[in-house]
Amino acid sequence: MGGGLVRAVMEDRGRAPVSAKVRAMLDYLELVTVRPDAVDANAARSLLDSGVSEEAAREALYVCFLFNVVNRFMDAFGFGPATPSQARRIGAMIRWFGYKVSKLPG
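With numbering that gives the first Met the number 0, the residue at position 86 of the sequence shown is 85, and numbering never jumps.
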């Protein structure tokens, strides 16, 4: 995703130029993050019914989990958000290493 597309999604996901699958996955990830008590079989079924594969859902949930853990640690230890320069460096490291270095077993 380019910077303009990310901005569009952040400003108004409903109107951003993304596919229905991407929108459904983002909606589900928001639910998992903000209202985990509302996640149930119906929510998961709705995601899969949108055309998102189980593998794609699993991978997206894994990435979401990693970011949620990092964000909660940052909140717990009083760290503020990354500066734009830090965010670019973090993004470059993620692109370079991918998520393989933190892969869960199975």
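Glycine included, C-beta positions come from ideal geometry on N, C-alpha and C.
Fair warning: this is a prediction, and the values are worked out from it, not measured in the lab.
What's the call for residue i, buried or exposed, on a 16-neighbour Cβ count within 10 Å?
| i | result |
| --- | --- |
| residue 81 | exposed |
| residue 28 | buried |
| residue 5 | exposed |
| residue 9 | exposed |
| residue 24 | buried |
| residue 69 | exposed |
| residue 33 | exposed |
Starting from the C-beta of residue i, find all residues in its chain whose C-beta is less than 8 Å away, skip the five residues before and the five after it, and write them out in chain order.
| i | result |
| --- | --- |
| residue 83 | none |
Is the beta carbon of residue i sitting closer than 8 Å to the one on residue j?
| i | j | result |
| --- | --- | --- |
| residue 47 | residue 53 | yes |
| residue 49 | residue 19 | yes |
| residue 106 | residue 21 | With the chain running from 0 to 105 in the structure shown, residue 106 is simply not present. |
field: Ordered list of beta strand (DSSP E) runs contained in the stretch 23-48, each at least 3 residues
entry: Restricting attention to beta strand (DSSP E) runs no shorter than 3 residues, the stretch 23-48 encloses none.
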